[in-house]
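What follows is one structure encoded as structure tokens, with my remarks underneath.
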Amino acid sequence: MRERKRLLERFGEEEECESIEVLVMKKKIIKVPLEPRSMAGKAAKSVVKAIGEYQYPWREKLAKYKDELSKGVWGYWELGAWKPLGISGRRRARLRKEVLLAGQDWPYDPPRKEMKTKRKGHKCDRVSAEKRANTAELMKKMPEMLLDYKKRRWEKKMKAEDAKDE
48 MRERKRLLER
58 FGEEEECESI
68 EVLVMKKKII
78 KVPLEPRSMA
88 GKAAKSVVKA
98 IGEYQYPWRE
108 KLAKYKDELS
118 KGVWGYWELG
128 AWKPLGISGR
138 RRARLRKEVL
148 LAGQDWPYDP
158 PRKEMKTKRK
168 GHKCDRVSAE
178 KRANTAELMK
188 KMPEMLLDYK
198 KRRWEKKMKA
208 EDAKDE
């Protein structure tokens, strides 16, 4: 019953009638018979299906432009010259939309690139936090570094004394 009311509201019929007349495109009318109340869902589906198939026959267009669509989205280079596609971007988008609405897949889109995430906040805040983390790691290594430094300095001193003695 809800389907019947929705259809009647959508297509401008106020009183109940035996058929719904739908203006599809320029002066074209499709009549879909409605059985009382129980068949409203099926009628709605058939109306939508009939309208969709009549308005834009995407299967024919897809077959016609299959080669052009496989060449790319914007165009292609052929023998050093740029060739635009045989179908405009607007028509390509409309065909893509119709195919996707019909539940088919659309293999002609280029693979998507990974999204670049923009960093938020000031660079100085981010850098100072990284520096603090680095300093904390270096402070853990500090005793070993001091021992290495003292050992190198002692070795250098010994080399200098050996050079004097000779």
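For the sequence shown, the residue numbers in our numbering are 48 to 213. All C-beta atoms in this analysis are idealised placements derived from N, C-alpha and C, irrespective of residue type, glycine included. Every value quoted in this text rests on a predicted model; they were computed, and no experiment measured them.
Tell me the start and end of each unbroken beta strand (DSSP E) in the segment 127 to 163 that is at least 3 residues and wholly inside, in chain order. 128 to 131
Which class does W201 belong to by DSSP, given the choice of helix, strand or coil? helix
Tell me whether E184 sits in a helix, a strand or coil according to DSSP, three-state version. helix
Assigned secondary structure, G119 (DSSP; H/G/I helix, E/B strand, else coil): coil
In three-state terms, what does DSSP make of E213? coil
Please report how far the alpha carbon of M186 lies from the alpha carbon of W121, in whole angstroms. 57 Å
Would you kindly check if the distance between the Cβ of R166 and the Cβ of R159 is under 8 Å? no
If I measure Cβ to Cβ from K108 and keep anything under 6 Å in the same chain, skipping five residues before and after, which residues do I get? L142
Shortest alpha-carbon distance to P131 belongs to which of G150, E115, V146, R138? E115
Leaving aside the five residues before and after W153 along the sequence, list all residues of the same chain whose C-beta is less than 8 Å from its C-beta, in chain order. R143, V146, L147
How many angstroms separate the CA atom of K111 from the CA atom of Q151? 17 Å
Following the continuous alpha helix (DSSP H) through K108, name the residue where it begins and the one where it ends. 105 to 111
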